[in-house]
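To keep things clear, I will list the structure first and then write my remarks on it.
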Amino acid sequence: MKHLALTAAAAVAMLTAACANAPPEDPFESYNRSMFSINEKLDAAITKPVAKAYVAVTPEPVRTWVGNFFGNLNDPWIGVNNLLQGKPADALSDMMRFLVNSTMGIGGLLDIATEAQIPKHDEDFGQTLGVWGVRSGPYVMLPLLGPSTLRDSLALPVNATLNNSWHLVSDPVLRNSLTALQAINGRARLLGLERTLDEATLDKYRYSRDFYLQQRQFKVHDGNPPLEYENFDLDDGNQTEPTGESP
Amino acid sequence: MTKNLFACCLMLASVLFTGPAIAEDVTAPDALVRHVTDEVTAIVRNDKAIQSGDASKVLALVDEKVLPHFDFRRMTMLAVGKDWRSATPEQQTRLTTAFRTLLVRTYSNALTQYRDQIIDYKPLRASPGDQQVKVSTEVRQAGAQPINIDYVLEQSPDGWKVFDVLVAGVSLVTNYRGNFGDQIRVKGIDGLIASLEDKNKSLEAEQGGK
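First to last, the protein sequences are chains G and H. Quick note: to get my numbering, add 944 to the position in the first sequence (first position is 1). Quick note: to get my numbering, add 53 to the position in the second sequence (first position is 1).
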């Protein structure tokens, strides 16, 4: 027992020392940066070429059907999260979406619900934990999966099982094929765009981290925070100008 | 998750390309955003050269239709943060020019990726006397989560000017602040200017042939 406690204390001390220069939201920055660059290399070597080949052999409507199909399977889990976050009306609308698209939308291939003004929501279990008051914790770059936080990583197994409900399919070949199809279809939509992030930033890692963290914060709050913009031309440094919008 | 970020970059295709249009036509900020977005996306949708990435053609389009409606000085100030105040007027001008070049070049490229996304305009929530307003839009793409893109405009003597764009709730302008702050801490304001100018040079060299 004592030994364990000592080891833990040593580990904490080492981590603390390693993190001395890192910003508070990203104590594992040096690990994260390495993983970020590994992910980029894997993408360039494998995912991106596969996605390109996929686009070459499938017509665009098929890719839309595939996107709709997986999107439809996610709606019940989005609804459950809305319920867990105390938003029963949104939850009901998510269930309506699932019913409408699964039937009239031919098993989810068509997104009839959006046409019928039943909007798609964006919820997941990480956001639910956030609404419940769980802090996001440090930024974490996951292998293959990309940016996350400690909280969102812990929510990941729950999301992976329930958000992607085909994971419950028992036939491993079918299950893995579906997972691969979803990943490739998702990646295909972004072909040609990765360049923008490369070009627009001086430090791609830093820009994506700040973006991810702010975006998660915004989503947890289903947000419409009041906007405030400083004017550094004015003498009083802290003067802000509220926008005309009411929060 | 990276997907989200990239998807947002896609939406930038339509982002920088909005703003107040012809003054006597449209004077309300939301009408202006809609007018310019519709005009520019219509051009891109029908122009094969732009869709295949013709850099000079898309830059010309952006230059003519979009840039007049942006306040790049204000954007740069917000991206730099409080260090802006310690910059000399000359440094401020160079920062603005370099940042403007970077944004215009990269987002012109993003515009070439625009295809068939549908842009919904949300009702404007503002009072008549407001000097700053946010125009909210939602970009829908078949088979994907819709993405909110908001434009923040400020009244200026020659019409409304866009000075910030929010993608999925995140300000693309102030999101540069951490990155720029790092540069300034290590290399000073001149160091940041040099980094931006170098970046622009290397991008220009890459695209030079197009």
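Glycine residues also receive a C-beta, built at the ideal position from the N, C-alpha and C atoms. These numbers come from a predicted model, not from an experiment.
| Check | Outcome |
| --- | --- |
| Interfacial residues, the region 1136-1148 of chain G to chain C, with Cβ spacing under 9 angstroms | Absent here is chain C; the protein component of the structure consists of chains G and H. |
| Straight-line gap, Tyr204 (chain H) to Thr150 (chain H) (C-alpha atoms, nearest Å) | 21 angstroms |
| Neighbour flag for Pro199 (chain H) against chain G, beta carbons, 8 angstroms | yes |
| CB contact below 8 angstroms: Phe1042 (chain G) versus chain H | no |
| Residue span of the beta strand (DSSP E) that contains Pro1091 (chain G), given as start and end | 1090-1093 |
| Cutoff 7 angstroms; reference Ala1132 (chain G); Cβ partners in own chain excluding five residues on either side | Ala995, Tyr998, Val999, Arg1007 |
| Contact check, Asn1129 (chain G) vs Gly1051 (chain G), beta carbons under 8 angstroms | no |
| Any C-beta of chain H under 8 angstroms from that of Arg1095 (chain G) | no |
| Cβ-heavy atom distance, Ile246 (chain H) to the ligand HEM, below 7 angstroms | Absence of the ligand HEM from the depicted structure is noted, as is the absence of any ligand whatsoever, leaving it without description. |
| is_contact[Ala151 (chain H), chain G] using C-beta, thresh 8 angstroms | no |
| Own chain partners of Val223 (chain H) with C-beta closer than 6 angstroms, once the 5 adjacent residues on each side are dropped | none |
| Spatially closest choice to Ser1097 (chain G) from G:Asp1147, G:Gln1159, G:Phe1069, by CA coordinates | G:Phe1069 |
| Neighbourhood of Val1044 (chain G) by C-beta distance below 6 angstroms, restricted to the same chain and skipping five residues each side | Ile1056, Ala1057 |
| CB contact below 8 angstroms: Asp78 (chain H) versus chain G | In this prediction, Asp78 (chain H) has a pLDDT of 43, which is less than 50 and means its spatial position is unreliable; nothing more can be read from the coordinates. |
| Which of helix, strand or coil DSSP assigns to Ala76 (chain H) | For Ala76 (chain H), the predicted model reports a pLDDT of 40, less than 50, meaning its position is unreliable; a value from the coordinates is still stated below. Three-state DSSP puts Ala76 (chain H) in coil, outside helix and strand. |
| Under 8 angstroms from the C-beta of Ser248 (chain H): neighbouring residues of chain G | Leu1146 |
| Cβ-Cβ distance between Asp970 (chain G) and Tyr1156 (chain G) below 8 angstroms | no |
| CA-to-CA distance, Asp211 (chain H) to Glu984 (chain G), given in whole angstroms | 44 angstroms |
| Touching by the beta-carbon criterion (3+ pairs, under 8 angstroms), the region 1025-1044 of chain G and the region 162-180 of chain H | no |
| Where the alpha helix (DSSP H) containing Lys175 (chain H) begins and where it ends | Careful: Lys175 (chain H) lies outside any alpha helix (DSSP H) and carries neither H nor E. |
| Against chain H: residues of the region 1151-1163 of chain G by CB proximity under 7 angstroms | Tyr1151, Ser1152, Asp1154, Phe1155, Tyr1156, Gln1158, Gln1159, Phe1162 |
| Where the region 1059-1070 of chain G meets chain H: residues whose CB sits under 9 angstroms from a CB there | Pro1063, Lys1064, His1065, Asp1066 |
| Beta carbon of Gln184 (chain H) nearer than 8 angstroms to that of Glu207 (chain H) | yes |
| Test: Lys254 (chain H) CB closer than 8 angstroms to a CB of chain G | no |
| Chain-ordered chain H contacts of Phe1176 (chain G) [CB-CB under 7 angstroms] | Met130, Lys135, Trp137, Arg138 |
| Close beta carbons around Gln1071 (chain G), own chain, < 6 angstroms, minus the five adjacent residues each side | Lys1163, Val1164 |
| For Leu1086 (chain G), the residue or residues it bridges with in DSSP | G:Gly1090 |
| When G:Gln1161, G:Lys992, G:Asp1066 are compared against Arg1079 (chain G), the one with the closest alpha-carbon | G:Gln1161 |
| Status (buried if at least 16 other CB within 10 Å, exposed otherwise) for Ala988 (chain G) | exposed |
| Span of the beta strand (DSSP E), counted from its first residue to its last, around Ile202 (chain H) | 200-209 |
| Expected contact under 8 angstroms - CB spacing of Asn253 (chain H) and Leu155 (chain H) to nearest Å | 6 angstroms |
| Cβ-based burial, Asp78 (chain H) [other Cβ within 10 Å; buried from 16] | Residue confidence for Asp78 (chain H) is low, a pLDDT of 43 falling below 50, so the modelled location carries little weight; the figure read from the coordinates is stated next. That one is exposed. |
| Any C-beta of chain H under 8 angstroms from that of Thr1187 (chain G) | The predicted model places Thr1187 (chain G) with a pLDDT of 44, which falls under 50 and marks its position as unreliable, so this point remains unresolved. |
| Phe123 (chain H) (DSSP reduced to helix, strand or coil) | strand |
| Straight-line Cα distance separating Glu1138 (chain G) from Ile246 (chain H) | 24 angstroms |
| Cutoff 8 angstroms: Thr159 (chain H) Cβ touching any chain G Cβ | yes |
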